[in-house]
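Colleague:
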Amino acid sequence: MIKTAVIGYGQSASIFHLPFIDCLPEFELVAICSSKPEKVAKDWPEVKVYTDAEQMLEESGARLVVITAPNEVHYELGRKALNLGLHVVMEKPMVTQLHQGVELMKLAAARNLCLIPFHNRRWDSDFLTIRKLIADNKLGTIHSFESHYDRFRPTPRQRWRELPGEGVGTWFDLGAHLVDQALVLFGKPLAVTGRCLALRPGSPVTDYFHVQLHYSDKEVLLHSSPYHPGPTLRFKLQGELGCYIKLGFDPQEERLRDGIVPDSPYLAKEAESDYGTFYSDAEPEVIESVVGGYRYFYEATAKAIRGEGPLPVTVQDALDGLNIINLAEKSTVEGRTLPVGSTTF
197 MIKTAVIGYG QSASIFHLPF IDCLPEFELV AICSSKPEKV AKDWPEVKVY
247 TDAEQMLEES GARLVVITAP NEVHYELGRK ALNLGLHVVM EKPMVTQLHQ
297 GVELMKLAAA RNLCLIPFHN RRWDSDFLTI RKLIADNKLG TIHSFESHYD
347 RFRPTPRQRW RELPGEGVGT WFDLGAHLVD QALVLFGKPL AVTGRCLALR
397 PGSPVTDYFH VQLHYSDKEV LLHSSPYHPG PTLRFKLQGE LGCYIKLGFD
447 PQEERLRDGI VPDSPYLAKE AESDYGTFYS DAEPEVIESV VGGYRYFYEA
497 TAKAIRGEGP LPVTVQDALD GLNIINLAEK STVEGRTLPV GSTTF
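Each number in the numbering used here corresponds to the 1-based position in the sequence shown with 196 added.
1) Considering only the beta carbon of each residue, do A514 and P385 sit closer than 7 Å?
2) Are A209 and T292 touching if we call contact CB-CB under 7 Å?
3) Per DSSP, C392 is paired with what?
4) Of the residues M252, G336 and V269, which one's Cα is nearest the Cα of Q434?
5) Going residue by residue through the stretch 440 to 505, where are the continuous beta strand (DSSP E) segments of at least 3 residues, counting only ones entirely within it?
6) Taking only the alpha-carbon atoms, compute the straight-line gap between I388 and T497 and give it to the nearest angstrom.
7) Round the Cβ separation of L278 and L294 to the nearest angstrom and send it over; I've been treating them as touching at under 8 Å.
8) How many angstroms separate the CA atom of A249 from the CA atom of P215?
9) Look up V245 in the DSSP assignment and give the residues it is bridged to.
10) Inspect the CB distances between the stretch 474 to 486 and the stretch 436 to 450 and report whether three or more fall short of 8 Å.
11) Flag this pair as yes or no: are the beta carbons of I203 and C229 separated by less than 7 Å?
12) Go to M197, then tell me how far its beta strand (DSSP E) extends in each direction, as first and last residue.
13) For chain D, is any of its Cβ atoms less than 7 Å away from the one on G444?
14) Are Y271 and V236 close, meaning C-beta to C-beta below 7 Å?
15) So what's R532 in DSSP terms, helix, strand or just coil?
16) Please go through the same chain and pick out, in chain order, the residues whose beta-carbon is closer than 8 Å to the beta-carbon of E436, but skip the five residues on each side of it.
17) Assuming contact is defined by CB atoms lying nearer than 7 Å, are K247 and L225 in contact in what I supplied?
18) Starting from V298, follow the beta strand (DSSP E) in both directions and report where the run begins and ends.
19) Are the beta-carbon atoms belonging to V401 and V364 less than 7 Å from one another?
20) Give me the residue from G517, V529, A227 and I198 with the minimum Cα distance to A378.
21) By the 10 Å Cβ neighbour count, where 16 or more other Cβ atoms means buried, how is D477 classified, buried or exposed?
22) Threshold first: 4 residues or longer. Then list the alpha helix (DSSP H) segments lying entirely within the stretch 264 to 290, N to C.
23) Do E468 and P447 have their CB atoms nearer than 7 Å?
24) Can you give the Cα-Cα distance for P350 and T325, rounded to whole angstroms?
25) Can you grab the Cα-Cα spacing for the pair E450 / R317, in whole Å?
26) Heavy atom of the ligand SAH less than 6 Å from the Cβ of E450, yes or no?
27) Kindly indicate which three-state DSSP category Q251 falls into: helix, strand or coil?
28) Between which two residues does the beta strand (DSSP E) harbouring Q434 extend?
29) Nearest CA to the CA of V457: which residue from V511, I217 and A500?
30) Would you kindly work out how many angstroms separate the C-alpha atoms of V487 and D413, rounded to a whole number?
31) Could you please give me the residues that DSSP links to H373 through a beta bridge?
32) With H, G and I counted as helix, E and B as strand and the rest as coil, what does DSSP make of S421?
33) Expressed to the nearest angstrom, what Euclidean distance is found between the alpha-carbon atoms of S321 and T428?
34) Determine the burial state of P266: buried for a count of at least 16 other Cβ atoms within 10 Å of its Cβ, exposed for fewer.
35) Should the stretch 390 to 406 be called in touch with the stretch 352 to 369, which here means at least 3 C-beta pairs below 8 Å?
36) Using a Cβ-Cβ cutoff of less than 7 Å, which residues in the same chain neighbour F368 once the five nearest sequence positions on both sides are dropped?
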């Protein structure tokens with residue numbers, strides 16, 4: 197088993213990481229570092245608890261560390277872990293500056309270590325369904341794709357993602373997922389037009405985005421608003437043979453919150469009532485959703501660490517995504533469309 201330590205004990209660690217590390221036989225959870233040691237000790241009484249991350253990295257005996265701390269400290273924690281010879285899983289968007297990611301990528305390669313950005317939404321049921329529809333040529337040539345993540349959160353909250361700092365706000369948080377999914381589907385765009393705004397009164401960070409990715413043969417729209425309480429569009433995929441529309445969100449996050457264990461066959465299977473629909477000249481066709489599974493990220497991570505398979509997500513993927521994030525913010529400030537370029541970081 198791969199001895200694993202986790203830095204941070206917020207929503208990300210509690211919902212998206214610890215249940216899988218605890219459940220999957222490939223891993224052994226040996227330590228958690230948190231500013232809330234009493235809560236961690238209560239929830240995980242058999243696990244060593246630290247309040248100092250560097251001490252945990254040096255003393256825990258872990259081979260893998262999962263970093264879920266605030267984005268602005270990812271780089272420094274990742275650098276320390278790699279220098280100590282640990283493999284690293286790092287919450288998206290991995291780092292806040294491109295040069296930081298490049299340095300960590302080179303360091304991991306030099307030490308022959310795995311550095312893996314955590315983009316679990318690649319294993320959302322609805323996204324896997326989109327990938328299958330494209331692979332099966334169900335819609336023919338794709339010309340338009342919309343990816344929405346709207347919620348009803350009209351009042352800012354006191355949490356690090358909504359306070360001033362590096363790598364905060366909805367665009368860095370949710371946008372990182374939507375950008376990554378778009379790049380998986382279509383690769384790098386030619387240009388980006390962004391509107392990343394703070395619409396809520398008193399909000400010090402971005403809470404709304406409407407970002408266009410421009411390709412030679414298609415347009416991609418990424419959108420999120422904090423003012424949407426009702427049923428929400430998740431995906432709209434349009435091609436020469438028709439259109440696929442998907443409402444609602446992948447069920448895994450909500451079910452993990454409810455305590456459904458990661459090895460439950462129910463965790464990632466969508467209800468039939470949540471399936472998307474394909475529209476064309478013929479009768480509308482309900483499309484059964486592909487069964488997702490966040491566990492696949494960690495299963496692939498274990499294989500990569502053992503040298504038995506590729507990384508589930510590469511640092512290059514994360515840097516390409518961060519470049520789009522940065523360009524959309526710059527586009528917002530400058531009020532113009534910006535070219536992406538062909539740079540490989």
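Every residue gets a Cβ at the ideal spot worked out from N, C-alpha and C, and that includes glycine.
Modeller: Well, looking at it:
1) no
2) no
3) F405
4) G336
5) 472 to 475 and 481 to 483
6) Residue identity check: residue 388 is Val in the sequence provided, not Ile. Whole-angstrom Cα-Cα distance: 32 Å.
7) The Cβ separation is near 18 Å, so there is no contact.
8) 21 Å
9) I228
10) yes
11) yes
12) From DSSP, M197 is part of no beta strand (DSSP E); its letter is neither H nor E.
13) Absence of chain D from the displayed structure is noted, only one protein chain being present.
14) no
15) coil
16) L335, G336, T337 and H339
17) As written in the sequence, residue 247 is Thr, which differs from the Lys given in the question. Not a contact, by the Cβ cut-off of 7 Å.
18) First-last for V298: L294 to A306, but that is the alpha helix (DSSP H), not the beta strand (DSSP E).
19) yes
20) G517
21) exposed
22) 270 to 279
23) no
24) 31 Å
25) 14 Å
26) Among the ligands in the structure shown, none appear at all, so the ligand SAH cannot be discussed.
27) helix
28) L429 to G435
29) I217
30) 30 Å
31) Answer is none; H373 lacks a bridge partner.
32) coil
33) 16 Å
34) buried
35) yes
36) N267, P289 and I521
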